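A.B. asks: Input: one structure, supplied below.
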Amino acid sequence: MTGHHSSEVPQSQTEHAPEAQTPTADAHGSSEHGRDDRVFPHDSIAESSMKEKLGELLEQWPLSTPDLLDALPLFLRRQQMADLLSMDELYRMVLDVPGVIMEFGVRHGRHLAAFTAMRGFREPHNPFRRVVGFDTFTGFPDVADVDRVSRSAVAGRFALPTDYPEYLRRVVDAHAEGDALAHITDRTMIVEGDVRETVPRYLADNPHTVVALAYFDLDIYEPTVAALRAVRPYLTRGSVLAFDEIDHPKWPGENLAVREALGLDHAALRLLPGRPAPAYLVWDG
Ligand SMILES: C[S@@+](CC[C@H](N)C(=O)[O-])C[C@H]1O[C@@H](n2cnc3c(N)ncnc32)[C@H](O)[C@@H]1O
């Protein structure tokens, strides 16, 4: 994949290429340095250096923590900014579509927090716009053969500390305290466990569900195909499905899942102008 440069790759995808940081694979990657040709390039040397410098500057923040919270965009790199803007563009597409926003593959929860904040300024008085995030928080439970393109595709990849879901819950609750509809509970939900079990269970427990926006970022085949099949009956014309890895050379499992569960030609896949991912489609039934 020489010729691709990570500045073209959104952060959520660059995070999927940790092997490029190992001593045997330089940031640009070259076969002479033991690079796996299937590995999508990670941050360029300049980008890694910028990240390191910003990290040091963040640690040296000279003012108070409340000041830091107000000034956080100081440290927002363009990939993170583009990602946030992408989430807002997707959110705006479903403002006239009823139902919930779901993310499959939450990891640290940045999209859950972003969608929660966006709800707070875009439709603070919509009591039914729930944001629901699904993750094991223990990483990939298993991987299928189709996923074994990347060395990252191993069971347990993306595992977080065991108390992370509880920490994320507290972060989300802190955000909710400032909501106009703070008295309505569970407007942002974190569903822990394997989506192959938790999504059907969530839908059985919430038979009134309409899925307005579904963001797929599980990376791998089996959970993605299972989540797609589970939510399909809950889509309406106008629902937006977004895919983080639809044409990512390292993660072919999502593409296979979409081909099997929906068909790539079922609706037009589109990009947000200027951004390589996510791709999205507007469900037309
Ligand atoms: C790339 S990360 C998600 C990144 C996140 N959307 C973001 O933008 O920061 C992929 C996540 O999918 C989760 N995952 C993979 N397979 C899963 C499964 N079967 N059930 C639940 N979560 C799963 C992993 O635990 C991991 O946190």
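In terms of my numbering, the sequence shown opens at residue 263 and continues consecutively.
Yeah, the Cβ is synthetic: ideal placement off N, Cα and C, and Gly gets one too.
Keep in mind it's a predicted model, so treat the numbers as computed, not measured.
1) Work out the CA separation of Met349 and Phe555 for me, nearest whole Å.
2) Looking at the strands, I want to know which residues DSSP matches up with Phe420.
3) Considering only heavy atoms of ligand 1, does any lie closer than 7 angstroms to the CB of Pro485?
4) Does any heavy atom of ligand 1 sit closer than 7 angstroms to the C-beta of Glu365?
5) In angstroms with no decimal places, state the Cα-to-Cα distance between Thr460 and Phe396.
6) Would you tell me roughly how many angstroms separate the C-alpha atoms of Met312 and Asp305, rounded to the nearest one?
7) Can you name, in chain order, every residue of its own chain whose Cβ lies under 7 angstroms from the Cβ of Phe420, other than the five neighbours on each side?
8) With DSSP collapsed to three states, give me the class of Ser501.
9) Are the CB atoms of Tyr477 and Ala442 nearer to each other than 8 angstroms?
10) When you compare the segment 512-529 with the segment 462-469, are there three or more beta-carbon pairs, one atom per stretch, that lie closer than 8 angstroms?
11) Hey, quick one: how far does the alpha helix (DSSP H) through Val461 stretch, first residue to last?
12) My output table needs one value for Arg532: the three-state DSSP class, helix, strand or coil.
13) Helix or strand or just coil, what does DSSP make of Ile346?
14) When you compare the segment 364-379 with the segment 404-418, are there three or more beta-carbon pairs, one atom per stretch, that lie closer than 8 angstroms?
15) Is Gly536 near ligand 1, in the sense that its beta carbon is under 7 angstroms from a heavy atom of that ligand?
16) For the candidate residues Ala344, Ala375 and Arg494, whose alpha-carbon lies nearest to that of Gly536?
17) Measure the C-alpha to C-alpha separation of Asp481 and Arg340 and round it to an integer number of angstroms.
18) Assign Arg450 to one of three DSSP states: helix, strand, or coil.
19) Taking only three categories from DSSP, how would you classify Leu543?
20) Using three-state DSSP, classify Asp479 as helix, strand or coil.
21) May I ask you to check if the CB of His510 is nearer than 7 angstroms to at least one heavy atom of ligand 1?
22) By DSSP, does Glu439 sit in helix, in strand, or in coil?
23) Using the C-alpha atoms, what's the distance from Asp404 back to Thr486?
C.D. replies: This is what the structure gives:
1) The requested residue 555 is not part of the displayed model; the chain covers only 263 to 547.
2) Its beta-bridge partners do not exist; DSSP assigns none.
3) yes
4) yes
5) 8 angstroms
6) 10 angstroms
7) Arg369, Gly401 and Phe402
8) strand
9) no
10) no
11) Val457 to Asp467
12) strand
13) What sits at residue 346 in the sequence shown is Leu, not Ile. Residue state, collapsed to three classes: helix.
14) no
15) no
16) Ala344
17) 22 angstroms
18) Note that residue 450 is Thr in the sequence shown, not Arg. Residue state, collapsed to three classes: strand.
19) strand
20) coil
21) no
22) helix
23) 12 angstroms
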